[in-house]
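In the working numbering, the protein residues as written are -17 to 169.
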């Protein structure tokens, strides 16, 4: 924090160095700047802040310019997450029911989490964020499991490797149902 405000870093390594010294549970948030003329991508900046600090700073950003996400550190616990996207440009995937696909992914992931919990009481909170355009279906899904036996306690995954393992279980369970058209190929 500088002068009571979160610091914005121009390099991810600088943000990671700050987070390594942090004892207050802050995390790294990334945001895109407008693309430079003639460049293929948008430059990024990184903010180290608690969720409350981030929320206060984000509220100052005009809604049309909000393009921010949390950087998941592979070594820290995290919630399960899925990024479901496919193009609808030029008639591609016109027959794909994105909402049905979303429900299938959430159901398969929750089933896997509940199976892994065994006999322990687990509740899974599902957060779905929509970020779509007429030419693109996009849903960002966060699954927040909580143990419920003897009080409600968060049960995040051990790290992003475990989130990847859960995604692999979902892909195996749903198979072809996850296939969409991407240009000239199926993905």
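Just so it is clear, CB atoms sit at the ideal spot from N, CA and C, and this is done for glycine as well. Note that the structure is a prediction, hence the values are computed from the model and not measured.
Note down, in chain order, each residue of its chain lying with its Cβ closer than 7 Å to the Cβ of residue i, except the 5 sequence neighbours on either side.
{"i": "residue 7", "result": "32"}
{"i": "residue -15", "result": "Note that residue -15 scores 42 on pLDDT, short of 50, meaning its location in the model is unreliable; the coordinates nonetheless yield the value given after this. Once the five neighbours on either side are set aside, residue -15 has no close Cβ partner at all."}
{"i": "residue -17", "result": "With a pLDDT of 44 at residue -17, under the threshold of 50, the predicted position of this residue should be treated as unreliable, though the coordinate-derived value follows. Cβ within range, chain order: -11."}
{"i": "residue 58", "result": "141"}
{"i": "residue 60", "result": "54, 138, 139, 141, 142 and 145"}
{"i": "residue 150", "result": "none"}
{"i": "residue 75", "result": "68, 69, 162 and 163"}
{"i": "residue 119", "result": "67, 68, 70 and 80"}
Assuming residue i contacts residue j (C-beta within less than 8 Å), just tell me the rounded distance between them.
{"i": "residue 130", "j": "residue 103", "result": "4 Å"}
{"i": "residue 28", "j": "residue -1", "result": "At roughly 11 Å, the Cβ-Cβ gap does not stay under 8 Å, so residue 28 and residue -1 are not in contact."}
{"i": "residue 117", "j": "residue 154", "result": "30 Å between Cβ atoms; not a contact."}
{"i": "residue 84", "j": "residue 115", "result": "About 17 Å separates the two Cβ atoms, so there is no contact after all."}
{"i": "residue 152", "j": "residue 94", "result": "7 Å"}
Does any heavy atom of the ligand HEM sit closer than 6 Å to the C-beta of residue i?
{"i": "residue 74", "result": "Inclusion of the ligand HEM in the displayed structure is not the case, the ligand content being empty and no account of it being possible."}
When DSSP builds the beta bridges, which residues end up paired with residue i?
{"i": "residue 104", "result": "129"}
{"i": "residue -9", "result": "28"}
{"i": "residue 109", "result": "124"}
By Cβ distance, which residues of its chain are closer than 6 Å to residue i, with the 5 residues on each side in sequence left out?
{"i": "residue 107", "result": "126"}
{"i": "residue 109", "result": "124"}
{"i": "residue -6", "result": "28"}
{"i": "residue 48", "result": "none"}
{"i": "residue 136", "result": "128"}
I'd like the list of long-range same chain contacts for residue i, defined as Cβ closer than 8 Å, with 5 residues on each side in sequence excluded.
{"i": "residue -9", "result": "-3, 0, 27, 28, 29 and 30"}
{"i": "residue 156", "result": "86, 87 and 90"}
{"i": "residue 159", "result": "83 and 86"}
{"i": "residue 96", "result": "104 and 106"}
{"i": "residue 73", "result": "none"}
{"i": "residue 4", "result": "30"}
{"i": "residue 25", "result": "14, 15, 17 and 18"}
{"i": "residue 46", "result": "none"}
**Report entry** Cβ contact check for the stretch 39 to 58 and the stretch 5 to 13: 3 or more pairs under 8 Å
**Finding:** yes
Query - contact_flag[the stretch 64 to 77, the stretch 27 to 38] where n(CB pairs < 8 Å) is 3 or more - result: no
Report task. Please go through the stretch 111 to 138 and give each complete beta strand (DSSP E) segment of 3 or more residues, from N-terminal end onward. Result -> 118 to 129
**Report entry** Start-end ranges of the beta strand (DSSP E) lying completely within the stretch 7 to 82, minimum 3 residues
**Finding:** 9 to 14, 26 to 31, 50 to 52 and 62 to 69
Requested in this report: Would you check if the stretch 118 to 130 and the stretch 72 to 90 touch, i.e. whether three or more CB-CB distances between them fall below 8 Å?
Outcome: yes
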